[in-house]
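Quick note on numbering: my numbering labels position 249 of the sequence shown as 461, and the sequence is numbered without any gaps.
Accompanying notes for the structure given below.
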Amino acid sequence: MADAAGWWPDLSLARKVELLETVDVTDRVSLVLSWVKESLAEITLKEQIRSEVSDGLEKNQREFLLRQQLAAIRKELGESDEDDADTPDAYRARLAELTLPDHVRTAVEAELRKLERTSEQSPDQGWIRTWLDTVFELPWNEHSTDRLDLAHARAVLDADHTGLEDVKDRIVEELALRKLRRDRAAQASTPASADHDVVDSPVDLFVESGDESGSAPDDGSADEQPKASRTPLEEPLVRVVPIEDLLPSTPAGEDPDASDEPSDSDEPADPEQDQVAERSPHRHGTVLTLVGPPGVGKTSLGESIARSLGRRFVRVALGGVRDEAEIRGHRRTYVGARAGRIVKAIEEAGTMNPVVLLDEIDKVGADYRGDPSAALLEVLDPAQNHSFRDHYLELDLDLSEVIFLATANQLDTIPGPLLDRMEIISLDGYTEDEKVAIARDHLLPRQIGLAGIEPGELTVTDDALRRIVRDHTREAGVRSLERAITKVLRKVAVRIASAEVGETVSVDVDDVPDLLGRARFHDTDIADRTAAPGVAAGLAVTGAGGDVLFVETTTLPADGADGEERSNLVVTGQLGDVMKESARIALSYVRAHREKLGIPEGADRRNVHVHFPAGAVPKDGPSAGITMTTALVSLFTGRQVKPKVAMTGEVTLQGRVLPIGGVKQKLLAAHRLGLTEVIIPARNEADLDDVPESVRADLTVHLAADVADVVRWALEPAASEPGEAGEAAAA
C-alpha cells in the first residue's frame, strides 16, 4: 500500500524521491499517512472558504434582488425612494449640478470613491454620507449683492437705533470704501470711453508694421493704422486717459445717495461684475467689536447693519463656550463629530458673505479641552481667514468676505492677541433724552403690541417717560426701562380689560407713582452720603457702564502711646493691588503737603482706614487716586466735600493728576445720577469731544493738573478763621 501511494498525482517530485529513499515499510506508511492528513485538511479548508463565499454572494444577490423588486414596487405605486439620495450615484448627480472649487471637488470625488468601496453594514457609510451632506449644504459660490446706498444704510440705522453715532458713521464709512472699490474695479475692467481718443506716448518704443528700418514713420500712418492690425509688440507702452474716465459717472452737483432708492450708479448693471469686483485680490474682511454695558443694543445693531447692507445675518452665541472644537469643529475620527459653529453659521446664512455676530465674545472660557479664543485668531484675522480650515471638513473655507461683528461688555477678559485683531467701537450708554426717545419710538410701541392694547387705546406722555427714567431706572442701557414700561402696560391692560376706564387711557407724569410705586432712586442720595467729612464720590467704569464709587475714610488712635509713631493704613472693600498702592500714594502725598493743604498739626498722626462700599464687588484701577486724596484731606481738615461733585484721575507722589480712561462713560454716569460738577485730568480734555453736547451743557467739567486744583474745586470753603491754616486751605 505504501508503494502504491507513490502513484498519487498530487505528490511533488521531491516527495516521491523521499518516499523511494525510505526503506522501512512502516516508516513509508507513516510518511504517506501524514501527507494524506495534510491534504485532507487543505481540502476541508478550501471547501469551507468556498461555502462561506458562496453564502455571502447568495446573500448579497438576494438583498440586491429584493431591493430591485422593492424599487420596482415603489415605482409602480408612485412613491419616492428616500434611500436614493444616499447612493453614490445620487451624490454624483448632486456634484455634477454644483459649481464647487477645484480642491473641494477633488475631496468630494475621493470620498465618493471611498463610499463605493465601503460595505453598507460599515459605520463608515454614515460618516461619509454626513460629511458629503455637510459639504453639499455649504454655499461655496453663493454671494449676496451688497446694497451700497449710503443714504439708505443711514436711514435704516437711524430708524432702528437712537444715538450710537460712532457706530453708524463707521458702517457708512465701510460702505463708502466698498462702493469706491467696486466702482474703481468696474472702471478698470471697462474699455476707454469712445468719446475720448487714446493718446499714445510721445516716446514710441515699438516698431510699426511695414517699417523695416525700425524707425517710426513721421507721416501719421502710425496714428491712422487700425489698432486691431497691430501686433502685441506694437501696442503703446503708455496711454494717456482723460481724468473724467477715472471719476464716477455722476452729474456735477448731484448726490448719488440722495434718494432712498438705489440708483443706477449704486447698483451695477451686471451683478456678476459686482461680485467679481468685491472678490478682487484687494478684498479684506471687516472685524468690528462693539463694547458696551448690557442693554445698549449691541446685538440688535448687528441685525440693522446686515439689513442696511442687504446681507444675511447669523448670530453665534459664544457665552460659556470652553471647547475649541465648538469653533473649529471635531476631528472625523471621533464618534458624533460635526463641523464647528463658524461653518454652521455659513451654512445657515446660505451665502459666503453674511454678517456674522459673535455674541458675548468676552465670556469665552478655557479648560483642558483647549482655548476657543485661540481658535478665533484665525477666524478674525483678515490675513488668514481666506483659508480657514475646519477640523471636520479639512477643506479651505474662504471667510474673507464675511463681516464679523463681536459684542462684549468689557475688554479685560479678551486675550491680547485676539483683541489686536479687532476694531473696537465703544457704546457707552444713553443720555436721559435718548432714553426717552428710545422708549417713545421703540420700546413703547413694541410692548403695546405684546400687551394686546390697540395703539389708540393708550397714550403715554414724554414727561411720564422721563419720570420713569429718573425715578425707577439707573442704568447705561434700557432693559430696566423696558421692564418698567411693561409693568405700566400690564396695569393699564387690567384697567382696560375690567372696563374701569373709557376708550382711551392717558398716562401722565402724576400717574407714574400709582403704576410703579414710590421712586427707587433720588438725586439726594449722593448728597446724603457725602454729608460727613472724609467721604468723596469718585467715577468708575464697570461691566454695566459708568458708575459712582464712594470712598469713606476715618481715623483711629495711633499705635504709639506718645502719639509720635506714624499711623498705619487699612484699606478694605475687596480692592486690587493697584488701588491699594493708590491709597498709599494718596496718604503719603497728604502727609508730605500737610501745611499746604491746611491740615492741622498732628491730625495725620493717626491710623487711617479707607473703605470702598459694595465690598462684594472686586475693584481695581488707578483712577480713584484723586478721590482718595480728596477724602483724606476732607477727613483731616474737617471740610465737607461738595454734594454735587464727583471726580476721577490718577495721582502721583508729586501731586500730579494723570489721565485715565472711560471719560465718556463716567460723565454719562455723573449726568445720569444728577451730579453737576465733575473733575477730570487736564490731559483728558480731548475725550470731552466724545461726550454728547446735551451732557456737557448740564455739567461743569473742571480740568485738573494738580491735586491743589482738585481740593479747591471739590471741598467746601473753609470756615473763616484767622491763621495760616485757614489761608492755606482757601488757597
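Backbone N, C-alpha and C fix where the C-beta goes; we use that ideal spot for every residue, glycine too.
Counting C-beta pairs closer than 8 Å gives fewer than three between the segment 639–648 and the segment 594–606, which falls short of the contact rule. Sequence-distant partners of Leu-617 (beyond 5 residues in either direction) whose C-beta falls short of 6 Å from its own C-beta, in its chain, are Leu-500, Gly-514, Leu-569. When C-beta atoms of the segment 563–581 are compared with those of the segment 597–608, fewer than three pairs fall below 8 Å, so the two segments do not count as touching. If you draw a straight line from the Cα of Lys-258 to the Cα of Pro-313, it comes to about 50 Å. Here His-734 is exposed, its C-beta having fewer than 16 other C-beta atoms within 10 Å.
The C-beta distance from Ala-688 to Leu-502 rounds to 14 Å, too long to fall under 8 Å, and the pair is not in contact. If you ignore the 5 residues before and after Gln-280, its C-beta comes within less than 7 Å of no other C-beta in its own chain.
DSSP, reduced to helix, strand and coil, places Ser-638 within a strand of the structure shown. Excluding sequence positions up to five before and after Asp-535, its CB lies within less than 6 Å of the CB of Arg-581, all in the same chain and listed in chain order. The alpha carbon of Leu-389 has as its nearest neighbour, out of Phe-824, Thr-498, Asp-675, the alpha carbon of Thr-498. Fewer than three Cβ pairs drawn from the segment 852–868 and the segment 821–829 lie within less than 8 Å of each other, which leaves the two stretches out of contact.
Contact holds between the segment 797–810 and the segment 837–848, because three or more Cβ pairs, one in each stretch, are under 8 Å apart. Taking C-beta separations shorter than 7 Å and ignoring five residues to either side along the sequence, the partners of Ala-549 in its chain run His-542, Arg-543, Tyr-604, following chain order. Secondary structure of Thr-698 (DSSP, three-state): helix. In the three-state reduction of the DSSP assignment, Ser-710 falls in the coil class. Check the Cα spacing between Val-747 and each of Ala-663, Gly-788, Val-857, Ala-649: the tightest is with Val-857. Taking the Cα positions, Leu-521 is about 15 Å away from Ser-512. A direct Cα-to-Cα measurement between Asp-624 and Lys-831 gives close to 13 Å. The continuous stretches of beta strand (DSSP E) do not include Glu-687, and DSSP gives it neither H nor E. The beta carbon of Gln-659 sits closer than 6 Å to those of Ile-697, Thr-698, Leu-701, all from its chain and outside the five residues before and after it, given in chain order. Under the three-state reduction of DSSP, His-883 is assigned to helix. Pairwise C-beta distances place the segment 376–393 in contact with the segment 346–363, as three or more of them are shorter than 8 Å. Distance between Asp-918 and Ile-637, taken at the CA atoms: about 31 Å. Boundaries of the beta strand (DSSP E) around Ala-916: 912–916. The straight-line gap separating the alpha-carbon atoms of His-373 and Lys-792 is approximately 41 Å. Boundaries for Val-614: no beta strand (DSSP E) harbours it, and the DSSP string shows neither H nor E there. Taking 8 Å as the cut-off, the beta carbon of Val-555 is found no closer than this to the beta carbon of Leu-589. For the segment 530–578, the continuous beta strand (DSSP E) assignments of 3+ residues that do not extend past its boundaries occur at 567–571, in sequence order. Excluding five sequence positions before and after Val-533, the CB atoms of its chain that fall closer than 6 Å to its own CB belong to Val-576, Pro-584, given in chain order. Between the alpha carbons of Ala-909 and Asp-901 lies a gap of roughly 12 Å. Distances from the alpha-carbon of Thr-299 to those of Arg-274, Arg-341, Lys-287 put Arg-341 closest. Annotation note: the segment 820–884 contains the following uninterrupted beta strand (DSSP E) runs of length 3 or greater, listed N- to C-terminal: 857–859. A straight line joining the alpha-carbon of Asp-653 with that of Ala-578 spans about 41 Å. Separation of the CB atoms of Arg-851 and Ala-930 is rounded to 6 Å, and the pair is thereby assigned contact status at 8 Å.
The three-state secondary structure of Asp-222, taken from DSSP, is coil. Within the same chain, and ignoring the five residues on either side of Val-903 in sequence, the residues whose Cβ sits closer than 6 Å to its Cβ are Lys-876, Leu-879.
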